[in-house]
Amino acid sequence: MAIDIHWIRDNDSLGQFCAEWQQLPFVALDTEFMRVDTFYPIAGLLQIGDGQRAYLIDPLTIDNWQPLAALLENPAVLKVLHACSEDLEVLLRLTGSLPAPLFDTQLAAAYLNLGFSMGYSRLVQEVLGIELPKGETRSDWLQRPLSETQISYAAEDAVHLAEVFVQLRPKLSDEKYSWVLEDGAELVANLRREVDPYEVYREAKLAWKLSRAQLAVLRELCAWREREARARDLPRNRIIREHSLWPLARTQPDNLGALAKIEDMHPRTVRQDGQFLLDLIQRAASVPPEQWPPAVAEPLPIEASALVKRLKALGQAEAERLGIAPELMLRKKTLEALIKSGFPEGPYQLPDSLRGWRRELMGQALLDSLATAGEQP
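Taking full-length UniProt numbering, I'd label the letters of the sequence shown as residues 1 to 377.
Put into structure tokens, the structure is as follows:
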């Protein structure tokens, strides 16, 4: 079928159409972007579907995003996206706003037990019986003019996304619909929570193997890397490679020769930032003990894996009862944080990452299961 495509290439048209979309119950929304050598994604195209037409918005010719920001924030218009974490970054960077309420069709498919983490093409095939042409995901969305293939790919995305929503929505009970929106709101909240550069070291590989004095150095290195990646708009690994952080904090080189020998250290980093890094390491190493960060908890011992399995099974049984994809229920990281809070003797504490309906439904059952685990022979 021929798709009705409408281009939006200037501020006035965007303002006019956003005013019309403000009256709709929902809009389907997708983005195409490039992110090869940058920290932030660069928007190449925005697509909006209203269930009838595809609107292609050219971000290279528009500079007033306020009308779209207002649409994203309008609580009366549902924003429908698919597997949207990167789309959210694009929208935040471009408009300063994020969609609320947000309905992610990938999440909806999981709540209907169609499959977890389903790709868009597979979902369209499953729900609409339409085979999409192989994607244009690797093509250059910043080139102009866009190719005919790119244009039809982008337009189809917007139209079919609206159709998928129209099919999925009636199949969701009110409860499951509210859970899809709750998870969508959490995606938005996580992105709004700006990462504190001084907390990044906690997630660094092997951080738990370092002493508190060495962690003081790792904390500074990770914070500097995070801030510089943003300031220079470069991927983190272009500032310092991930695998160099731990040996830097552990061995604390004090000259450029020793710095260059660090595992996975790029010569460009030594050339551009070598002396600065040596000074930073020296400063961080001389911080008094009362300013050292607390030790990072070790990974769970092998003996705890039986507990993880036990809790996972509890979640799977509940997911089966609810008819949702089991992976939706309890994230492994959440279970590990719960077990770490009291292993091996207890008492255990529910982690902050267990929130909303999952906490209400599963919180007490998980604590009860851990309490009885210790009593079994």
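In this text, a Cβ means the ideal position worked out from N, Cα and C, and glycines have one as well.
For Phe165, the three-state secondary structure derived from DSSP is helix.
A straight line joining the alpha-carbon of Ile151 with that of Leu46 spans about 11 Å. In the three-state reduction of the DSSP assignment, Trp7 falls in the strand class.
Around the beta carbon of Pro170, fewer than 16 other beta carbons lie within 10 angstroms, which makes this residue exposed.
Under the three-state reduction of DSSP output, Val80 falls in the strand class.
For Tyr55, the secondary structure class from DSSP, reduced to helix, strand or coil, is strand. Between Leu354 and Phe116, the beta carbon gap of about 19 Å keeps them out of contact (Cβ cut-off 8 Å).
Going by C-alpha positions, Lys134 is about 21 Å away from Tyr55. Listed as beta-bridge partners of Thr31 by DSSP are Leu46. For Phe103, the pairing in a beta bridge is given by DSSP as Val80. Following the DSSP letters along the chain, one finds Gln364 inside the alpha helix (DSSP H) bounded by residues Gly356 to Ala373. Within the UniProt domain "HRDC" (211-291), not a single complete beta strand (DSSP E) segment reaches 3 residues in length. In this structure, Pro145 is the residue among Glu131, Pro145, Leu92 and Ala70 with its C-alpha nearest to the C-alpha of Asp58. Assigned with DSSP and collapsed to three states, Phe116 falls in coil, not helix or strand. The segment 160-175 and the segment 184-194 do not touch, with fewer than three beta-carbon pairs separated by less than 8 Å. If you check the CB distance, Asp10 and Thr61 come in under 8 Å. According to the DSSP assignment, Val296 belongs to no alpha helix (DSSP H), since it is labelled neither H nor E. Assigned with DSSP and collapsed to three states, Phe39 falls in coil, not helix or strand. Annotation: Arg310 to Val180 spans about 26 Å, alpha carbon to alpha carbon. Ser305 counts as exposed, since fewer than 16 other C-beta atoms from the protein chains shown sit within 10 angstroms of its C-beta. The segment 220-233 makes contact with the segment 198-206; the number of CB pairs closer than 8 Å reaches 3 or more. DSSP places Glu186 inside the alpha helix (DSSP H), whose first and last residues are Asp174 to Arg192.
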